[in-house]
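To convert a position in the sequence shown, counted from 1, into this note's numbering, add 329.
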Amino acid sequence: MAQQVQGVIARAKGEPVRIETITVPDPGPGEAVVKVQACGVCHTDLHYREGGINDDFPFLLGHEAAGVVQSVGEGVTEVAPGDFVILNWRAVCGQCRACLRGRPQYCFDTHNAKQKMTLADGTELSPALGIGAFAEKTLVAAGQCTKVDPEASPAAAGLLGCGVMAGIGAAINTGEVGRGDSVAVIGCGGVGNAAVVGARLAGAAKIIAVDIDDKKLRTAEGLGATHTVNSRTTDPVEAVRELTGGNGADVVIEAVGRPETYEQAFYARDLAGTVVLVGVPTPEMRIELPLLDVFGRGGALKSSWYGDCLPSRDFPMLIDLYRQGRLDLDAFVTETIALEDVEKAFERMHHGDVLRSVVMF
Ligand code: APR
Ligand code: ZN
Ligand code: ZN
Numbered sequence: 330m331a332q333q334v335q336g337v338i339a340r341a342k343g344e345p346v347r348i349e350t351i352t353v354p355d356p357g358p359g360e361a362v363v364k365v366q367a368c369g370v371c372h373t374d375l376h377y378r379e380g381g382i383n384d385d386f387p388f389l390l391g392h393e394a395a396g397v398v399q400s401v402g403e404g405v406t407e408v409a410p411g412d413f414v415i416l417n418w419r420a421v422c423g424q425c426r427a428c429l430r431g432r433p434q435y436c437f438d439t440h441n442a443k444q445k446m447t448l449a450d451g452t453e454l455s456p457a458l459g460i461g462a463f464a465e466k467t468l469v470a471a472g473q474c475t476k477v478d479p480e481a482s483p484a485a486a487g488l489l490g491c492g493v494m495a496g497i498g499a500a501i502n503t504g505e506v507g508r509g510d511s512v513a514v515i516g517c518g519g520v521g522n523a524a525v526v527g528a529r530l531a532g533a534a535k536i537i538a539v540d541i542d543d544k545k546l547r548t549a550e551g552l553g554a555t556h557t558v559n560s561r562t563t564d565p566v567e568a569v570r571e572l573t574g575g576n577g578a579d580v581v582i583e584a585v586g587r588p589e590t591y592e593q594a595f596y597a598r599d600l601a602g603t604v605v606l607v608g609v610p611t612p613e614m615r616i617e618l619p620l621l622d623v624f625g626r627g628g629a630l631k632s633s634w635y636g637d638c639l640p641s642r643d644f645p646m647l648i649d650l651y652r653q654g655r656l657d658l659d660a661f662v663t664e665t666i667a668l669e670d671v672e673k674a675f676e677r678m679h680h681g682d683v684l685r686s687v688v689m690f
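If you want it as structure tokens, here you go:
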């Protein structure tokens, strides 16, 4: 039977979000209903509310979540009721040209639940990133549920569903950071600090954190940065070069999403090094670089979408590292909040006070 639960809804552009009763249908073929235990507040939720993603209001926000599968629809074999799962927004299709070439982490045709969750009056909801987890229950495609060790804390595990995975993946998957590498991370919010952690996991010898906020730099140090640069007061390109024998870093990860920081990343990189753009730019942004420098400096300019993660490969592995004490996911949970507090959390995010606020159910 369809269930009625409370969820956080963005009704119109810029309007404060509010809690409303929503209807969650029973799972159909290939679908699952998940009882959400924790869901982090991500920038993308705010972008939805601001109308920055598309105009398909009303949105059911929340997409960085962990919970327990409550029921599954016909034909679902990958998860069963009772499984502890992290929700992902990369349920791969197995059929597209990326999947068929053995690169499912780039799947071009990921899927979500086919049925719609609705408001009490029947209005169809658009769930954020096809998830919609600021709700006690949510309906997703079974492939969006990735089973992990149930001993992990839901608040920490849920973070792998989006921002923290993006940062770790930018370092280990896209940047292919290796043992002994030098790495610079520009912008040390939730995503950049996760890149610091990823670089450390991968065995980087030098990890240079760059930010305009000393508070963020202190956090980066706590997570494994070996050097910090405040780019408000110090030229970050010169500083990174100085710290790397005059050469620049092997891998520079841009986790802000702005032209000026991208340019810093480009020039703070050693010859034949790699730039990874994981920060998300806005449509009007442009970069201008001497094409001769693009050519002459060699190497790779890459972007990282969701940390180029493959959830079925990366989530269980990272949760195992977390359980072994080798990956401090708890450090990213700045505060736990109630469902009613999402609007306040947006405010705190805006002021840069938190790595992550996490709604607990
Ligand atoms: N130079 C260096 N650091 C900067 C600059 C700048 N010009 N401008 C902002 N920052 C820093 C902020 O001080 C902050 O620490 O970048 C960090 C951004 O962090 P958050 O706002 O917490 O954002 P986060 O969740 O980490 O996401 C970063 O990745 O996924 C994308 O959409 C997301 O584009 C965003 C980026
Ligand atoms: Zn595919
Ligand atoms: Zn997100």
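Virtual Cβ for every residue (Gly too), placed ideally from N, Cα, C.
Check, Outcome
"Across the segment 492 to 500 and the segment 515 to 531, are there enough close Cβ pairs to call them in contact, namely three or more that are closer than 8 Å?", "yes"
"For the segment 590 to 634, list the beta strand (DSSP E) runs that are entirely contained and at least 3 residues long, ordered along the chain.", "598 to 606 and 629 to 632"
"Starting from Leu468 and walking both ways along the alpha helix (DSSP H), at which residues does that stretch end?", "No alpha helix (DSSP H) holds Leu468; the beta strand (DSSP E) holding it covers Lys466 to Ala470."
"For Cys474, which residues does DSSP report across the bridge?", "Leu416"
"In angstroms with no decimal places, state the Cα-to-Cα distance between Ala464 and Ser641.", "24 Å"
"Can you list, in chain order, every residue whose CB sits closer than 5 Å to a heavy atom of ligand 3?", "Cys371, Thr373 and Cys491"
"Report back the beta-carbon spacing between Ala449 and Thr352 to the nearest angstrom; my notes put them in contact at under 8 Å.", "7 Å"
"Rounded to whole angstroms, what is the Cα-Cα separation between Ala549 and Gly519?", "10 Å"
"Taking Cβ positions, are Lys445 and Leu454 nearer each other than 9 Å?", "yes"
"Please confirm if the segment 403 to 417 is in contact with the segment 465 to 483, defined as three or more CB-CB distances below 8 Å between the two stretches.", "yes"
"Using a Cβ-based criterion (distance less than 8 Å to any ligand heavy atom), does Gly681 qualify as near ligand 1?", "yes"
"Less than 9 Å between the beta carbons of Gly636 and Val604, yes or no?", "no"
"For Thr663, name the three-state secondary structure that DSSP assigns.", "coil"
"What does the Cβ neighbour count give for Gly574, buried or exposed, with the cut at 16 atoms within 10 Å?", "exposed"
"Alpha carbon to alpha carbon, what distance is there between Ser400 and Arg340?", "28 Å"
"Which whole-angstrom value describes the C-beta separation of Gly461 and Leu389, a residue pair presumed to lie in contact below a C-beta threshold of 8 Å?", "4 Å"
"Can you name, in chain order, every residue of its own chain whose Cβ lies under 8 Å from the Cβ of Leu600, other than the five neighbours on each side?", "Asn576, Gly577, Arg626, Gly627 and Gly628"
"Return yes when the C-beta of Asp438 is under 8 Å from any heavy atom of ligand 2, and no when it is not.", "yes"
"Once you ignore the five residues that flank Ile501 on each side, which residues in its own chain have a CB closer than 7 Å to its CB?", "Gly527, Leu530 and Ala531"
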